[in-house]
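Reviewing the structure listed below.
There are 2 protein chains.
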Amino acid sequence: MQALYFDGKEPRYQEDYQKPQPKAGHSLIRVLMSAICNTDREVLRGYRPDFRGVLGHEFVGIVEESDRKELIGKRVVGELNEGCGHCIYCRSGREKHCPDRKVIGMEGLDGTFEEYFVLANHLIHVVPDSLPTEKAIYTEPLAAALEIPNQLHIRPEDNVAVIGDGRLALLITEVISLLGVDLTVIGKHPEKLKYFSKYAKIERNETDSYEVVIDATGSPGGIELARQIVRKKGTIVLKSTYAGSANIDLSYFVVNEITIVGSRCGPFRPALELLNKGLVELPEIELWKLAEYENAFASKAFKVGFDFR
Amino acid sequence: MQALYFDGKEPRYQEDYQKPQPKAGHSLIRVLMSAICNTDREVLRGYRPDFRGVLGHEFVGIVEESDRKELIGKRVVGELNEGCGHCIYCRSGREKHCPDRKVIGMEGLDGTFEEYFVLANHLIHVVPDSLPTEKAIYTEPLAAALEIPNQLHIRPEDNVAVIGDGRLALLITEVISLLGVDLTVIGKHPEKLKYFSKYAKIERNETDSYEVVIDATGSPGGIELARQIVRKKGTIVLKSTYAGSANIDLSYFVVNEITIVGSRCGPFRPALELLNKGLVELPEIELWKLAEYENAFASKAFKVGFDFR
Numbered sequence: 001m002q003a004l005y006f007d008g009k010e011p012r013y014q015e016d017y018q019k020p021q022p023k024a025g026h027s028l029i030r031v032l033m034s035a036i037c038n039t040d041r042e043v044l045r046g047y048r049p050d051f052r053g054v055l056g057h058e059f060v061g062i063v064e065e066s067d068r069k070e071l072i073g074k075r076v077v078g079e080l081n082e083g084c085g086h087c088i089y090c091r092s093g094r095e096k097h098c099p100d101r102k103v104i105g106m107e108g109l110d111g112t113f114e115e116y117f118v119l120a121n122h123l124i125h126v127v128p129d130s131l132p133t134e135k136a137i138y139t140e141p142l143a144a145a146l147e148i149p150n151q152l153h154i155r156p157e158d159n160v161a162v163i164g165d166g167r168l169a170l171l172i173t174e175v176i177s178l179l180g181v182d183l184t185v186i187g188k189h190p191e192k193l194k195y196f197s198k199y200a201k202i203e204r205n206e207t208d209s210y211e212v213v214i215d216a217t218g219s220p221g222g223i224e225l226a227r228q229i230v231r232k233k234g235t236i237v238l239k240s241t242y243a244g245s246a247n248i249d250l251s252y253f254v255v256n257e258i259t260i261v262g263s264r265c266g267p268f269r270p271a272l273e274l275l276n277k278g279l280v281e282l283p284e285i286e287l288w289k290l291a292e293y294e295n296a297f298a299s300k301a302f303k304v305g306f307d308f309r
Numbered sequence: 001m002q003a004l005y006f007d008g009k010e011p012r013y014q015e016d017y018q019k020p021q022p023k024a025g026h027s028l029i030r031v032l033m034s035a036i037c038n039t040d041r042e043v044l045r046g047y048r049p050d051f052r053g054v055l056g057h058e059f060v061g062i063v064e065e066s067d068r069k070e071l072i073g074k075r076v077v078g079e080l081n082e083g084c085g086h087c088i089y090c091r092s093g094r095e096k097h098c099p100d101r102k103v104i105g106m107e108g109l110d111g112t113f114e115e116y117f118v119l120a121n122h123l124i125h126v127v128p129d130s131l132p133t134e135k136a137i138y139t140e141p142l143a144a145a146l147e148i149p150n151q152l153h154i155r156p157e158d159n160v161a162v163i164g165d166g167r168l169a170l171l172i173t174e175v176i177s178l179l180g181v182d183l184t185v186i187g188k189h190p191e192k193l194k195y196f197s198k199y200a201k202i203e204r205n206e207t208d209s210y211e212v213v214i215d216a217t218g219s220p221g222g223i224e225l226a227r228q229i230v231r232k233k234g235t236i237v238l239k240s241t242y243a244g245s246a247n248i249d250l251s252y253f254v255v256n257e258i259t260i261v262g263s264r265c266g267p268f269r270p271a272l273e274l275l276n277k278g279l280v281e282l283p284e285i286e287l288w289k290l291a292e293y294e295n296a297f298a299s300k301a302f303k304v305g306f307d308f309r
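This is the structure we're talking about:
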């Protein structure tokens with residue numbers, strides 16, 4: 001079968017990759033569509049130097065074999081982190097933080113840029129029939145945005161700023177705008193910001209301050225702007241990962257009692273809920289055949305993926 | 001009257017300092033006892049370069065004049081930050097973060113190292129008759145420790161580590177131990193740590209990790225140890241202020257979804273409650289006459305103050 005294999009240096013398209021067999025507690029999934037995440041690009045840049053295997057983790061597929069019989073034939077999405085099942089993190093609802101976890105397309109498990117792959121049953125979520133595959137493909141990144149209200153009580157009365165005007169910032173802005181807050185987006189690219197104007201203010205007074213500031217810039221400068229505009233006793237949510245350290249005056253955060261919340265992957269069920277209810281609008285995914293992976297990775301489209309149908 | 005005046009360079013003992021007059025909404029307080037806080041030492045080292053006036057902010061006194069008649073004759077303690085009364089912070093329960101606030105002994109207002117001083121009525125808390133002055137003098141630093149459970153929901157089921165074995169660490173350890181948590185203190189000085197053993201474990205396994213880690217070291221190294229021992233999805237509380245910046249790998253906090261909470265001054269009412277109920281034990285304050293201020297500032301005792309009685 002077709003697969004995009006990462007050999008530690010570069011991706012390699014194969015037509016003869018071996019179809020996997022599901023073990024107990026796992027399902028065999030036929031991939032319908034799989035999308036490129038920024039993390040896949042980071043793996044290619046060396047983010048996971050020890051990983052060898054098939055890339056990809058955002059997918060929609062059909063369960064073909066499973067020991068959870070009710071899943072067979074269902075269209076599904078799935079989470080990427082498979083924990084050990086018995087550590088403090090797995091036992092306290094934090095499986096995605098298990099130190100011995102495997103991660104599809106990143107750590108110890110083949111990913112979703114292939115025709116068939118295997119996933120643990122408890123990580124699988126059934127897609128409602130009314131939700132098209134082209135929309136369900138957004139479940140994983142939308143879940144990452146939903147991790148913010150999952151971690152933090154944002155009140156309708158709060159005012160909130162999102163820093164950044166990229167993909168993640170748009171998903172976050174749409175999710176946060178559903179809370180009824182006074183929402184502002186701060187970005188550098190007028191051509192991107194126009195997509196945000198439906199959900200948030202895209203202009204601000206220099207002196208405005210915010211109870212909650214979400215850094216989705218993906219660069220070390222985000223935290224410094226966040227520090228400047230967050231209210232005392234307010235909260236900064238960090239959604240950006242990047243290589244390297246930032247130099248920070250921690251006493252400022254103590255004296256002004258500011259909370260900093262690191263935020264990563266999030267809950268799938270509410271993401272499917274919002275997508276199925278049409279409460280978030282997302283640009284159409286640009287689709288390629290897996291063999292055209294070089295064009296796909298080079299594309300500047302908002303969302304790019306592979307079509308296996 | 002006697003006062004210890006800071007002229008921008010050093011403290012100056014005066015016997016002829018003018019007794020103040022309370023304005024509307026304020027009370028004249030006769031000081032019974034006033035304690036030296038680390039912040040007073042920092043003011044002497046240049047922490048508030050523009051301040052000129054009487055030092056000190058931890059006190060127990062008697063209200064002698066007030067337009068809140070029920071306060072007259074009462075033994076009281078008081079908070080230090082007087083806000084403008086109309087900004088977003090003053091209107092949302094965050095008066096101590098008002099950007100235009102005055103602070104006794106630090107910013108725009110004479111402090112408590114003098115026989116009489118003036119304080120806004122709403123900052124005054126009456127001391128229960130059953131609570132001796134020598135214990136009530138601990139209200140302000142104990143309130144700072146209580147700011148931690150005021151900001152953060154610490155569950156009895158959690159395990160918590162306090163890093164540091166100084167004064168603030170002891171107050172924090174005593175307050176947190178009341179929550180029933182599994183509590184460990186991490187310090188460098190065996191002679192200090194012995195005071196903590198009644199409230200917390202003072203030894204730990206290298207591999208132990210904690211849901212909540214409180215940095216009360218007062219040094220930039222605290223956050224790095226906190227980072228190493230806090231659980232993923234856990235919380236670090238920063239109680240340390242110090243000059244200078246720390247170099248921090250913020251991506252670690254994002255990937256592991258760690259929350260960092262800056263924490264400063266806290267609530268007086270619960271501090272008086274704990275003191276009056278005898279739920280915290282504190283070393284006896286070492287007392288000096290105000291004229292002996294040089295000995296007082298040089299003392300290494302746990303708590304040092306001035307006796308005006």
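Protein sequence lines, in the order shown, are assigned to chains E and F.
Each residue of the first sequence is one higher than the one before, starting from 1 at the first, in the working numbering.
Each residue of the second sequence is one higher than the one before, starting from 1 at the first, in the working numbering.
We treat Cβ as the ideally placed atom computed from N, Cα and C, and that holds for glycine.
Since the model is a prediction, treat every value here as computed from it, not as a measurement.
- Residue-level contact by beta carbon fails for residue 51 (chain E) and chain F, as no gap is shorter than 7 Å.
- A straight line joining the alpha-carbon of residue 143 (chain E) with that of residue 308 (chain E) spans about 23 Å.
- Between residue 125 (chain E) and residue 77 (chain E), the C-beta gap is smaller than 7 Å, which places the two residues in contact.
- With contacts defined as CB atoms closer than 7 Å, residue 267 (chain F) and residue 146 (chain F) qualify as a contacting pair.
- Cβ atoms of residue 139 (chain F) and residue 34 (chain F) stay farther apart than 8 Å, at about 12 Å.
- Taking a Cβ-Cβ cut-off of 8 Å, the neighbours of residue 239 (chain E) in chain F comprise 254, given in sequence order.
- Using a Cβ-Cβ cut-off of 7 Å, residue 105 (chain E) does not count as an interface residue toward chain F, since no Cβ of chain F sits closer than that to its own.
- Not a single C-beta of chain F is nearer than 7 Å to the C-beta of residue 86 (chain E).
- Nearest to residue 206 (chain F) by C-alpha distance, out of F:230, F:221 and F:246, is F:230.
- Residues of chain E with a Cβ closer than 8 Å to the Cβ of residue 42 (chain F) do not exist; the shortest Cβ-Cβ separation is about 11 Å.
- Look at residue 264 (chain E): its C-beta is under 7 Å from a C-beta on chain F.
- The alpha-carbon of residue 62 (chain E) is positioned some 12 Å away from that of residue 119 (chain E).
- Residue-level contact check: residue 307 (chain F) does not touch chain E, since none of the beta carbons of chain E fall below 7 Å from its beta carbon.
- Minimum Cα-Cα distance from residue 135 (chain E) among the listed residues E:301, E:283, E:204 and E:68 corresponds to E:283.
- Per DSSP, reduced to three states, the secondary structure at residue 308 (chain E) is coil, with no helix or strand assignment.
- At least one CB atom of chain E sits nearer than 7 Å to the CB of residue 259 (chain F).
- Using beta-carbon distances, residue 153 (chain F) does not count as an interface residue toward chain E, since no partner is under 7 Å.
- For residue 251 (chain F), the secondary structure class from DSSP, reduced to helix, strand or coil, is helix.
- Each residue's CA atom was taken as its position, placing residue 31 (chain F) and residue 305 (chain F) some 12 Å apart.
- Within the same chain, and ignoring the five residues on either side of residue 180 (chain F) in sequence, the residues whose Cβ sits closer than 7 Å to its Cβ are 156.
- Of F:203, F:88 and F:292, the smallest CA-CA separation from residue 190 (chain F) is found for F:203.
- Between residue 52 (chain E) and residue 293 (chain E), the alpha-carbon positions lie close to 18 Å from each other.
- DSSP places residue 280 (chain E) in no beta strand (DSSP E); its state is neither H nor E.
- F:176 is the residue among F:216, F:24, F:45 and F:176 whose C-alpha sits nearest the C-alpha of residue 153 (chain F).
- For residue 89 (chain E), the neighbours in chain F by C-beta distance under 7 Å run, in chain order, 232.
- Taking 7 Å as the threshold, the shortest C-beta distance from residue 97 (chain E) to chain F falls below it.
- Burial state of residue 262 (chain E) is buried, judged by a 10 Å Cβ sphere holding 16 or more other Cβ atoms.
- Closer than 8 Å at the C-beta level to chain E, one finds these residues of the segment 207-236 of chain F: 209, 220, 223, 231, 232 and 233.
- Under the criterion of beta carbons closer than 8 Å, residue 108 (chain E) and residue 40 (chain E) do not qualify as touching, at roughly 16 Å.
- Judged by DSSP secondary structure, residue 75 (chain E) falls within the beta strand (DSSP E) whose first and last residues are 75-78.
- Excluding five sequence positions before and after residue 271 (chain E), the CB atoms of its chain that fall closer than 7 Å to its own CB belong to 139, 142, 143 and 146, given in chain order.
- Comparing alpha carbon positions, the residue from F:172, F:24 and F:89 closest to residue 161 (chain F) is F:172.
- Residue range 38-44 is occupied by the alpha helix (DSSP H) that includes residue 41 (chain E).
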